[in-house]
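Scroll down for the structure; my scribbles are underneath it.
Residue numbers (our numbering): 4 to 182.
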């Protein structure tokens, strides 16, 4: 498996709110592999053991179920608003808990360490996304549109950084990361 690393930046450690959003297509081979990391940074991480997805934010763990057949995409959002953290899978809130603070480190963000499958449209926000925005992003993506783009622009991005990395060999596919 290959790993993609994003150097530490204060934009990755917001204090008032956080949202992590991405699409994931997990390989069925994960059934035979212990827990693997989708993304990790001190303060937050997302991992999977076959069909169980766990998001740990500020030491608080949330869990839900994803499809790991190697063909189905799941839309995952973790949203922390300074008082609660929520996990959404495919536009449905599947877990939530109270959380008032996150302690971050200065380590790099690591994406894909041990994960076998595809990751797409990874976005990290400095505020929580509400359920209306999450639904909108889910609908746009299912309609073939990148939720990172403003609807009134042609090919322009409303996000501060917009890039895609393709071609990292995961043994069975391509890791695609977009901000």
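Even glycine gets a Cβ: it sits at the ideal position worked out from N, Cα and C.
Predicted, not measured: the structure shown is a model, and the values here were computed from it.
From the options, residue whose alpha carbon lies closest to that of residue i
{"i": "residue 149", "options": "78, 68, 107 and 73", "result": "78"}
{"i": "residue 29", "options": "72, 45, 65 and 9", "result": "72"}
{"i": "residue 100", "options": "88, 111 and 92", "result": "88"}
{"i": "residue 13", "options": "144, 117 and 112", "result": "112"}
{"i": "residue 117", "options": "22, 24 and 53", "result": "53"}
{"i": "residue 74", "options": "91, 98, 8 and 121", "result": "121"}
{"i": "residue 141", "options": "7, 24 and 98", "result": "24"}
{"i": "residue 7", "options": "40, 65 and 63", "result": "40"}
{"i": "residue 119", "options": "98, 94, 93 and 51", "result": "51"}
Burial state of residue i (16 or more Cβ within 10 Å)
{"i": "residue 48", "result": "buried"}
{"i": "residue 37", "result": "exposed"}
{"i": "residue 35", "result": "exposed"}
{"i": "residue 18", "result": "exposed"}
{"i": "residue 67", "result": "buried"}
{"i": "residue 86", "result": "exposed"}
{"i": "residue 16", "result": "buried"}
Helix, strand or coil at residue i according to DSSP, with G and I counted as helix
{"i": "residue 14", "result": "helix"}
{"i": "residue 128", "result": "strand"}
{"i": "residue 47", "result": "strand"}
{"i": "residue 68", "result": "strand"}
{"i": "residue 59", "result": "strand"}
{"i": "residue 77", "result": "strand"}
{"i": "residue 36", "result": "coil"}
{"i": "residue 137", "result": "helix"}
Stretch pair the segment 115–131 + the segment 56–70: three plus CB contacts closer than 8 Å: no
Counting pairs of beta carbons, one from the segment 129–147 and one from the segment 79–99, are three or more of them closer than 8 Å? yes
Please go through the segment 83–115 and give each complete beta strand (DSSP E) segment of 3 or more residues, from N-terminal end onward. 87–92, 95–101 and 112–114
Counting Cβ pairs closer than 8 Å, one from the segment 96–109 and one from the segment 40–47, do we hit at least three? yes
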